[in-house]
Amino acid sequence: MEDGLEPAKKRTRGMGTVTKVDTSRPRGPPLSAVSTAAQKGPRKTGPRGCSAVGPVLRNQKPAPAAPAQKPGTSTAPAVAGKKPGKRPAWDLKGQLCDLHEELKQYREKTQTLDRENQGLREQLREVQEQATTLGTERNTLEEELASVRRRAEQTKERLVQELQTERLQLQEERSTLSTQLEEREREFQASEAALSSSRAEVLCLRQKTAAQVTLLAEQGDRLYGLEMERRRLHNQLQELKGNIRVFCRVRPVLEGESTPSPGFLVFPPGPAGPSDPPTRLCLSRSDDRRSTLTRAPAAATRHDFSFDRVFPPGSKQEEVFEEISMLVQSALDGYPVCIFAYGQTGSGKTFTMEGGPRGDPQLEGLIPRAMRHLFSVAQEMSGQGWTYSFVASYVEIYNETVRDLLATGTRKGQGGDCEIRRAGPGSEELTVTNARYVPVSCEKEVEALLHLAQQNRAVARTAQNERSSRSHSVFQLQISGEHAARGLQCGAPLNLVDLAGSERLDPGLTLGPGERDRLRETQAINSSLSTLGLVIMALSNKESHVPYRNSKLTYLLQNSLGGSAKMLMFVNISPLEENVSESLNSLRFASKVNQCVIGTAQANKK
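Here UniProt numbering is used: the first residue of the sequence shown is 1, the next is one more, and so on.
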């Protein structure tokens, strides 16, 4: 080996000197070149342009240092670095050791470089794999980018088209809105002009309204004055007709009754001719006695009667009410009013006051018609500021005992407990204790009260009428009116009285166990009717004492019979000749009443 390692000596000529070159060393790059080559290893630029080898070389550990020289051994000069000294030429063994040492170092460095080269190759392979992966990813990304760009282009084109379409639509809408705005401006200008005109009209209307309000107040005052004047003239007219008046009504002949002779009842025409309502009645009575000389029948006796109005048998219920409607109006104006129906049994008193069978408006009597008239007029007067209230009661006087005809349930049969009393200390108003006073506001309520009273009224069979009323029935309606704006109040009672049948004792008696009861009834009826006549006469003669308390009837009607009241008596007679005596008695009584003059009526106002 030493021979193989012996360096070949070459001679080099230069500058007259010979340089010995050691050729025994293996040819190879210098350490500096290897280091430089290692540092300048192959580099691969990645996708981002970064070096893949650089970090590896930078992280490469430096070569291990040469082992320290053992003591006692000769130190060979280091290949790299400054030599401690040059061995003499004769020290071949030392030179050989140095070469061995240097060879060992070169071998170690070669192994190190091989390992580094192997690591670099592995790194290069990894870098190439990464480059391949990155290239694949790059291609994928480029494809995706191209796809995204294509979709973006398509979306852009679609959006551009949509925006252009929307732009066109907005331009059209803008044009339409501009046109509409111009129209609105024109309309607004027209509205402004109309508003200005309307404001002027409103101002004018306000002025007119103020004028109308003033005129309305003046008209209200004038209307109030006219209403007061109407009431005054109405009352004056009623006074001219008489505060007590008498009407005569002859009922028609009923089916099954004998027709009277032609001259029995005659109704002479009025002063103005046939068109004038009749006011006179002529009744002819034949005398059964014969002349003592000729033995011929005596001539018929003619009885003439004159009343305020006479209603022949053909008169309708409506016609009768029209004649008394003005008197009913007086009750609404604040004047006490009392209307009687007087006559013998079966002469038509109850038909005149209450009417015929229910359900036929043509047969309604004075009571339902008067209530309808009052409700209607009260409704009209509400427009002038008047408010009215009505309270009804219905009692009968049977054998001088007061009974409540509106009693229901357990209260029936307790009429004996009803007494006539003053409403309060110092009060002139009379009231019936334990009697029902029912507020009414419509015709149906009044109709129900009349039906209840008809069921409770005392009736009995007599010779004159199969169903005869044996008591005086008194329908009282208390009327209260108020004008709140002017602080006025008025109140008055309206009395509608159906008197019991007036008849003499003999023809009216019935046979059987009830004869004494019928006799007592007849005596009580005739007594109360006589008292009524005496009261009217006393009022007419202005006597200091008026016998109101002699009868429950006159006592109850006391406030409606005096000088501040208005009275009307219906004398009802039968058209039959067989009832001529009772008819004459009724007509004579009515004539006496008709001749009475009662003082001036005064309204009950506050």
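For every residue, glycine included, the Cβ atom is placed at its ideal position computed from N, Cα and C.
Do you know how far the Cα of residue j is from the Cα of residue i?
i, j, result
"Leu374", "Leu332", "7 Å"
"Ala193", "Arg206", "20 Å"
"Leu113", "Glu101", "18 Å"
"Leu103", "Gly94", "14 Å"
"Arg516", "Thr522", "10 Å"
"Ser35", "Trp90", "Low per-residue confidence applies at Ser35: pLDDT is 40, beneath 50, and the placement is therefore not dependable enough to give any value."
"Phe307", "Thr279", "5 Å"
"Cys490", "Asp221", "19 Å"
"Leu141", "Gln128", "19 Å"
"Gly28", "Gly119", "Note on Gly28: pLDDT 46, under 50, position unreliable in the model; no value is reported."
"Pro47", "Lys109", "Confidence at Pro47 is low in this model, with a pLDDT of 40, below 50, so its placement is unreliable and the value that follows should be read with caution. Rounded to whole angstroms, Pro47 to Lys109 spans 34 Å at the Cα level."
"Gly486", "Gln189", "The question names Gly, yet the displayed sequence has Arg at residue 486. Taking the straight line joining both Cα atoms gives about 51 Å."
"Leu216", "Ser480", "27 Å"
"Glu172", "Arg149", "34 Å"
"Leu92", "Leu134", "60 Å"
"Asn559", "Gly359", "34 Å"
"Ala211", "Ser197", "21 Å"
"Arg422", "Glu429", "6 Å"
"Ser178", "Arg167", "16 Å"
"Ser376", "Ala565", "23 Å"
"Val402", "Ala492", "22 Å"
"Pro361", "Gly355", "9 Å"
"Ser551", "Ser275", "42 Å"
"Gln329", "Gly225", "18 Å"
"Ser325", "Asp404", "27 Å"
"Pro77", "Asn117", "At Pro77 the pLDDT is 44, less than 50, meaning the model places this residue with poor confidence and gives no usable figure here."
"Asn541", "Ser530", "16 Å"
"Glu218", "Gly365", "41 Å"
"Met1", "Gln130", "Low confidence applies to Met1: its pLDDT is 39, below 50, so where it sits in the model is not reliable, and the reading given next is rough at best. One C-alpha to the other measures close to 48 Å."
Let me check one thing: in DSSP terms, what residues is residue i bridge-paired to?
i, result
"Gln476", "Ser393, Asn495"
"Ser284", "Arg302"
"Asn117", "Answer is none; Asn117 lacks a bridge partner."
"Asp404", "Val395"
"Arg107", "Looking at the DSSP assignment, Arg107 forms no beta bridge with any residue, so it has no partner."
"Glu482", "Thr387, Gln489"
"Leu265", "Leu283"
"Pro439", "Val391"
"Val246", "Met569"
Evaluate residue i with the Cβ neighbour count: other Cβ atoms within 10 Å of its Cβ, from every protein chain shown; 16 or more gives buried, anything less gives exposed.
i, result
"Glu396", "buried"
"Gln344", "buried"
"Arg309", "buried"
"Val213", "exposed"
"Val593", "buried"
"His472", "buried"
"Met569", "buried"
"Gly426", "exposed"
"Arg588", "exposed"
"Ser175", "exposed"
"Thr554", "buried"
"Ala590", "buried"
"Gly16", "Because the pLDDT of Gly16 is 39, which lies under 50, any placement of that residue in the model is unreliable, and the number read from its coordinates should be weighed accordingly. It is exposed - the Cβ of Gly16 has fewer than 16 other Cβ atoms within 10 Å."
"Asn243", "buried"
"Arg151", "exposed"
"Cys338", "buried"
"Val474", "buried"
"Ala200", "exposed"
"Ala448", "exposed"
Taking 9 Å as the threshold (C-beta atoms), are residue j and residue i in contact?
i, j, result
"Cys418", "Thr408", "no"
"Ala392", "Tyr437", "yes"
"Gln384", "Thr352", "no"
"Cys596", "Met537", "yes"
"Thr259", "Ser284", "no"
"Ser286", "Asn579", "no"
"Ile573", "Arg249", "yes"
"Ser586", "Tyr335", "no"
"Thr350", "His483", "no"
"residue 648", "Phe247", "Given that the chain is displayed from residue 1 to residue 606, the structure contains no residue 648 and the question cannot be resolved."
"Glu319", "Phe311", "yes"
"Ser527", "Glu582", "no"
"Pro439", "Phe390", "yes"
"Tyr394", "Gln476", "yes"
Counting only beta-carbon atoms, is residue i nearer than 9 Å to chain C?
i, result
"Glu126", "Although the question refers to chain C, the structure presented lacks it and comprises just one protein chain."
### Query
Which runs of the beta strand (DSSP E) spanning at least 3 residues fall entirely within the region 289-352, listed in chain order?
301-306, 309-311, 337-343
### Task
Ignoring anything shorter than 3 residues or poking outside the region 509-591, list the beta strand (DSSP E) runs there in chain order.
566-573
### Message
What ranges does the alpha helix (DSSP H) occupy inside the region 166-233, keeping only unbroken runs of at least 4 residues that lie completely in it?
### Response
none
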